[in-house]
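Let me begin by presenting the structure, written as structure tokens, before commenting on it.
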Amino acid sequence: MKRVYFYLTYFLSIYAIGCASVTNVDKSSQSVVALIPIEEIKKSAEIEKKEMLDFLSKTITYKSVEDYGYELKPATKDLMEYVFQTAEKMGYETKLAANGLVGVLEYGKKGGESVGVLIHLDVVPADSKEWDNPPFSGEEIDGNIWGRGSQDNKGPLALTLWAGKILIDRKFPFQRQLRIILGTKEEKSFESLTEYFRTTPQPTFGLVPDGVYLIHGEKGIADIDYTFEGLTPEASKRDKIVYWKGGLVVNSVPDLSYVVVKSNNVEATCKELESLIKEVTEELAKGSSRTIYGLAGGVNICYKPDIHVTDYKSFVREYPDEEIPEQGDLVFYSKGVAAHSSVPWFGRNAIVEVAFVGNRMTEISNNAYKRAFDFTTSKIGLNDYGNGLGIRYRDENLPDIQFIKDPPIDIYVQYYGTSMNLGLVKVDSEKNRLVLSADFRTGFKNTNLEILEKSKETVAQFQGQANYQEGIGSHYESFVHDLDSPLIQLVGSSYKEVTGDSPKYLVIGSSSYLKLVKNFTNFGPVDIFAGEKDFVHKKNERIEIERMKDDLVLFTHTLQKMIQIDVAPIQGE
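First residue of the sequence shown: 50, per this note's numbering; consecutive thereafter.
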């Protein structure tokens with residue numbers, strides 16, 4: 050039986066034509082001049098490879114995990130300085146912008162058109178206990194550079210810098226300025242580049258290398274908070290939930306969630322939790338449950354959760370957390386599997402697993418914890434599409450799922466509808482409330498307003514409220530470039546000229562800086578149709594060294610065409 054790969058990672062295209070092979074990708078009559086032959090670029094890439102990889106390894110050692118807001122962590126500032134020092138040696142001019150939130154690297158003539166490349170220096174968190182090798186080491190192991198950011202987005206940073214360096218060193222005639230823009234809050238709410246583009250015109254056209262080859266659009270995004278008021282337990286109840294935590298960022302599937310319990314009878318509570326964990330585990334394995342959304346009729350899923358209960362002190366020793374309350378008797382917790390929130394089906398959500406257990410506890414108060422457990426269990430469950438909230442995919446002309454056969458992938462699946470990831474749970478004792486945060490990737494036949502209204506209607510049944518997350522990047526609508534547009538044709542022709550393969554045009558489910566600019570397209574660095582694996586937002590993130598060399602050739606060739614093309618490949622309003 051052939052192995053089936055459900056590669057929904059980024060590329061969820063609205064058009065079936067987007068998956069067809071393209072044999073004549075450069076339909077434009079625009080010409081390019083004075084291009085460096087690809088074979089010469091390959092020679093330069095071989096020479097530059099070691100220095101580029103050393104740079105990438107060094108950038109990974111900067112733990113540039115950012116918070117929301119308009120201040121940078123010291124590690125991100127230090128990384129920016131290191132990038133500036135490296136770029137200046139190559140010949141780039143460097144400057145800070147947006148009150149220090151953005152770095153700008155420029156080469157070529159000023160005052161005219163420019164080619165932009167949008168990069169982000171920040172990364173999502175990484176739990177070293179879950180990794181096979183240290184996540185911020187940048188080590189070279191078995192032909193890969195390991196570490197958080199190697200694919201997202203420090204690998205593309207290295208590729209872009211060195212692609213420009215090859216052109217600079219070869220005295221390439223820059224008809225347009227090359228402007229590399231370094232954001233720092235991409236994994237949060239896009240604060241850095243949003244601030245930058247308020248006062249600075251965007252480049253004429255360009256690339257956002259933050260996905261796969263080749264992309265012509267993105268789904269929308271809606272980050273929604275579900276708030277439940279009232280944490281105070283009833284004094285008469287045996288068990289008191291004193292804390293619940295799960296997830297690190299809303300745009301990753303949470304791989305750890307835990308609930309702290311105080312009990313008047315620890316032995317009895319422990320026995321109940323052990324029994325409930327066994328009960329939930331068996332129901333999920335069978336795919337049948339009366340309480341978990343989506344399993345009432347029975348589903349053949351063979352789901353295997355990883356839920357445990359232990360004493361408070363043992364848990365704190367194993368999973369130290371400065372936010373955990375100083376007192377408790379028992380902790381029940383789940384160890385999930387992380388994945389990018391645009392493809393939650395690739396992960397296993399620890400938050401929902403502990404909610405399934407909490408929902409069944411018999412000796413707890415009907416407070417915010419209980420209502421959040423019930424909401425999560427009965428309206429979210431194991432469903433990754435928001436169906437329990439009333440969200441449905443609707444298109445009479447296009448099915449929500451399409452199967453495409455293409456080696457080396459046996460079966461490639463595209464999903465055009467909305468996805469949902471319950472990414473965070475946070476308790477705010479001062480405000481006496483609990484907040485569940487979900488990341489929706491809005492399908493092409495849904496709207497953010499529809500998702501918000503359905504969320505409000507549903508959570509109200511549990512005395513909760515729903516609103517967009519605070520912040521400037523909490524919701525954007527989807528968009529798609531025309532496949533015949535000059536920009537898409539340009540990058541498609543570059544891909545074929547370097548790789549020899551006809552490109553597949555895809556639409557990503559993840560969200561990137563493409564949301565902020567016009568006349569830009571996503572461009573790598575992951576090539577799933579060449580068999581490259583995607584580790585974005587996952588444990589053990591790494592990038593193949595040989596792929597980096599091939600990508601450097603592709604980046605260099607594409608940038609030289611963009612810099613020299615006669616007429617900028619832009620679309621009208």
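We treat Cβ as the ideally placed atom computed from N, Cα and C, and that holds for glycine.
(request) Compare the Cα-Cα distances from Tyr141 to each of Thr330, Ala175 and Lys214 and report the closest residue. (result) As a working note, residue 141 is residue 92 in the sequence shown. Of the candidates Thr330, Ala175 and Lys214, the one whose C-alpha sits nearest the C-alpha of Tyr141 is Lys214.
(message) In this structure, how does DSSP classify Ile521 when only helix, strand and coil are distinguished?
(response) Position 472 of the sequence shown, counted from the start, is the residue given in the question as residue 521. In the structure shown, Ile521 sits in coil (DSSP, three-state: anything other than H, G, I, E or B).
(request) Let me know the alpha helix (DSSP H) ranges lying completely inside the region 575–615, each 4 residues or longer, listed in chain order. (result) 594–613
(message) How far does the alpha helix (DSSP H) with Glu137 in it extend, from its first residue to its last?
(response) Taking the sequence shown and counting its residues from 1, the one referred to as residue 137 is at position 88. Element bounds for Glu137: Pro123 to Met139.
(request) Can you have a look at Val329 and say buried or exposed, based on whether 16 or more other CB atoms are within 10 angstroms of its CB? (result) In the sequence shown, counting from the first residue as 1, residue 329 sits at position 280. Val329 is buried by the Cβ-count criterion.
(message) Between Tyr292 and Ile373, how many whole angstroms is the CB-CB distance? I'm expecting something under 8 Å.
(response) One-based indexing of the sequence shown puts residue 292 at position 243. One-based indexing of the sequence shown puts residue 373 at position 324. Contact flag correct, Cβ pair sits at about 7 Å.
(request) Tell me where the beta strand (DSSP E) around Gln226 begins and ends. (result) Along the sequence shown, one-based indexing puts residue 226 at 177. Run containing Gln226: Gln226 to Gly232, per the beta strand (DSSP E) assignment.
(message) Please report the straight-line C-alpha distance between Arg441 and Phe239, rounded to a whole angstrom.
(response) Counted from its first residue, the sequence shown places residue 441 at position 392. Counted from its first residue, the sequence shown places residue 239 at position 190. Using only the alpha carbons, I get a separation of about 28 Å.
(message) Suppose the cutoff is 6 Å on Cβ atoms and the five residues either side in sequence are ignored; what does the same chain contact list for Arg409 look like?
(response) Numbered from its first residue, the sequence shown carries residue 409 at position 360. For Arg409, where only same-chain residues beyond five positions count, the Cβ hits under 6 Å are Leu325.
(message) On a Cα-Cα basis, can you pick out the residue from Thr359, Val365, Gly558 and Lys428 that is closest to Ala345?
(response) To locate residue 345, count along the sequence shown from 1; it is residue 296. Comparing Cα-Cα distances from Ala345 to each of Thr359, Val365, Gly558 and Lys428, the minimum goes to Lys428.
(request) Out of Gly336, Val365, Asp378 and Pro303, state which residue places its alpha-carbon closest to the alpha-carbon of Thr315. (result) Along the sequence shown, read from residue 1 onward, the residue named residue 315 stands at position 266. The sequence given here places Val at residue 315; Thr does not occur at that position. Per the Cα distances, Asp378.
(request) Classify Arg626 as helix, strand or coil using the three-state DSSP reduction. (result) Residue 626 lies beyond the stretch modelled for the chain, which goes from 50 to 622, so this question has no answer here.
(request) Could you check if Thr135 is buried or exposed, using at least 16 other CB atoms within 10 Å of its CB as the buried criterion? (result) Locating residue 135 in the sequence shown gives position 86, counting from the first residue. Result: buried.
(message) Could you check whether His524 and Asp272 sit closer than 8 Å to each other, using their CB atoms as the reference points?
(response) Locating residue 272 in the sequence shown gives position 223, where the first residue counts as 1. Locating residue 524 in the sequence shown gives position 475, where the first residue counts as 1. Yes, the Cβ-Cβ distance between Asp272 and His524 is below 8 Å.
(message) Any beta carbon of chain B sitting closer than 8 Å to that of Arg247?
(response) Among the chains of the structure shown, chain B does not appear; only one protein chain is present.
(request) Please classify Asn313: is it buried, with 16 or more other beta-carbons within 10 angstroms of its beta-carbon, or exposed? (result) What you label residue 313 is simply residue 264 of the sequence shown in a count that begins at 1. Exposed is the call here.
(message) Helix, strand or coil for Trp211? Go by DSSP, reduced to three states.
(response) Within the sequence shown, the letter at position 162 stands for residue 211. Helix, per DSSP.
(message) To test your reading of the DSSP string, which unbroken beta strand (DSSP E) runs of 3 or more residues are found completely within the region 288–358?
(response) 288–295 and 305–312
(request) Let me know the secondary structure DSSP gives Glu155 once reduced to three states. (result) Position 106 of the sequence shown holds residue 155. Strand, per DSSP.
(request) With a 10 Å radius around its C-beta and 16 neighbouring C-beta atoms as the bar for buried, classify Gly232 as buried or exposed. (result) As a position in the sequence shown, residue 232 is number 183, starting the count at 1. It is buried - the Cβ of Gly232 has at least 16 other Cβ atoms within 10 Å.
(request) Can you tell me which of the three DSSP states Ser504 falls into? (result) In the sequence shown, the residue the question calls residue 504 occupies position 455. Here Ser504 sits in helix by DSSP.
(request) Mark Ile356 as exposed unless 16 or more other C-beta atoms lie within 10 angstroms of its C-beta, in which case mark it buried. (result) If you number the sequence shown from 1, residue 356 lands on position 307. That one is buried.
(message) So if DSSP puts Arg490 in a beta bridge, which residue, or which two residues, is it bridged to?
(response) The residue given as residue 490 occupies position 441 in the sequence shown. Beta-bridge pairing links Arg490 to Ile270 and Ser468.
(request) Starting from the Cα of Phe277, find the closest Cα among Gln512, Asn470 and Val308 and give me that residue. (result) As a first step, residue 277 is located in the sequence shown; it is residue number 228 there, counting from the start. The option with the nearest alpha carbon to Phe277 is Gln512.
(request) Name the residue from Leu431, Ser306 and Thr209 whose alpha carbon lies nearest to the alpha carbon of Pro369. (result) Residue 369 sits at position 320 when you count from the first residue of the sequence shown. With distances taken between Cα atoms, Pro369 lies closest to Ser306.
(request) Would you give the residue range spanned by the beta strand (DSSP E) that Glu142 belongs to? (result) Along the sequence shown, one-based indexing puts residue 142 at 93. That run of the beta strand (DSSP E) goes Glu142 to Ala146.
(request) Please go through the same chain and pick out, in chain order, the residues whose beta-carbon is closer than 6 Å to the beta-carbon of Met611, but skip the five residues on each side of it. (result) Within the sequence shown, residue 611 is the residue found at index 562, counting from 1. If we look at Met611 and ignore the five residues flanking it on each side, its Cβ neighbours are Val164.
(message) On the DSSP letters alone, give me the boundaries of the alpha helix (DSSP H) that Phe405 sits inside.
(response) Residue mapping note: residue 405 aligns to position 356 of the sequence shown, counting from 1. Segment Ala399 to Gly407, the alpha helix (DSSP H) holding Phe405.
(message) Let's see if you can read the secondary structure: which residues bound the alpha helix (DSSP H) around Thr108?
(response) Indexing the sequence shown from 1 puts residue 108 at position 59. Ile87 to Ile109 is the span of the alpha helix (DSSP H), which, as asked, contains Thr108.
(message) Could you compute how far the alpha carbon of Glu593 sits from the alpha carbon of Glu499?
(response) Residue numbering aside, residue 593 sits at position 544 when the sequence shown is read from its first letter. Residue numbering aside, residue 499 sits at position 450 when the sequence shown is read from its first letter. If you take the alpha carbons of Glu593 and Glu499, they lie about 41 Å apart.
(request) Check Asn415 in the structure and name its three-state DSSP category. (result) The sequence position of residue 415 within the sequence shown is 366, counting from 1. Reduced to three states, the DSSP call for Asn415 is coil.
(request) Verify whether the separation of the beta carbon atoms of Phe254 and Asn568 is less than 8 Å. (result) Within the sequence shown, the letter at position 205 stands for residue 254. Within the sequence shown, the letter at position 519 stands for residue 568. A contact, by the Cβ cut-off of 8 Å.
(request) Evaluate the contact criterion for the region 278–290 versus the region 594–607: three or more CB pairs, one atom per stretch, below 8 Å. (result) no
(request) Could you work out which residue in Glu137, Gly580, Leu102 and Thr570 is closest to Asn193 when comparing CA atoms only? (result) The count along the sequence shown starts at 1 and reaches residue 193 at position 144. Measuring from the Cα of Asn193, the nearest candidate turns out to be Leu102.
(message) Do Gly558 and Ser391 count as a contact pair if the criterion is CB distance below 8 Å?
(response) Reading the sequence shown from its first residue, position 342 is the one you call residue 391. Reading the sequence shown from its first residue, position 509 is the one you call residue 558. Contact: yes.
(request) Consult DSSP for Asp423 and reduce its assignment to one of helix, strand or coil. (result) One-based indexing of the sequence shown puts residue 423 at position 374. In this structure, Asp423 counts as helix in the three-state DSSP scheme.
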